[in-house]
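Residue numbers for the sequence shown follow our numbering, beginning at 5 and rising by one. Where is the CB? At the ideal position from N, CA and C, for every residue including glycine. A short write-up of the structure that comes next.
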Amino acid sequence: MDIDCGDNSCRFATNRGGMRTNGGCRCFENAGFGPSAVGAALKMLPEITRLRAEVEKLKEELTENEGVIRVWRGRTQRAEDEVEKLRRVRDAAQAYLNWSQGEPGDIAAIHEALRAALDAVKDEQ
Ligand SMILES: [Zn+2]
């Protein structure tokens, strides 16, 4: 965020190319502080103090919110793991059902997959 009032004697401009005005820097006025730098400083101090306190408060809120996000990420991951295990049970049960209705398949492998999927779900309890 560059500060530049467009004047030749702007106190903040870092690039003075192009058409520029004369008459003095208006950056303090443009920011709502009046033309005097000392007057601006007097108005800025309480504002800076308030803004610093606000930044500190926001940092604390951020830390707190990051903690909450970490907890929920963990819960979400565990829930997704549960869903994945249940999908394996569903797929294994479907494979068994298909076999029982005449679809060709290795029943020992189907049985083993179903057993493993059920065991994974049981381990959670
Ligand atoms: Zn200026």
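Can you name, in chain order, every residue of its own chain whose Cβ lies under 7 Å from the Cβ of residue i, other than the five neighbours on each side?
i: Ala-17; result: Asp-8
i: Asn-34; result: Cys-9
Just how far apart, CA to CA, sit residue i and residue j?
i: Gly-109; j: Ala-96; result: 12 Å
i: Ala-57; j: Lys-47; result: 16 Å
i: Gly-22; j: Pro-39; result: 24 Å
i: Pro-50; j: Glu-60; result: 15 Å
i: Leu-101; j: Lys-126; result: 21 Å
i: Ala-83; j: Gly-106; result: 35 Å
Could you check how far apart the C-beta atoms of residue i and residue j are, in whole angstroms? I think they sit under 8 Å.
i: Phe-37; j: Gly-43; result: 7 Å
i: Ala-124; j: Arg-92; result: 7 Å
Among the residues of its own chain, which have a CB less than 6 Å from the CB of residue i, if the five just before and after it don't count?
i: Asn-12; result: Arg-24, Asn-26
Practice problem: Under 5 Å from any heavy atom of ligand 1, by CB: list those residues in chain order, please. | Solution: Residues close to ligand 1 by the beta carbon criterion (under 5 Å to any non-hydrogen atom) are, from first to last along the chain, Cys-9, Cys-14, Cys-29, Cys-31.
Exercise. Within the segment 38-122, note down every full alpha helix (DSSP H) run reaching 4 residues or more, in order along the chain.
Key: Counting whole runs of 4 or more residues, the segment 38-122 contains the alpha helix (DSSP H) stretches 41-104.
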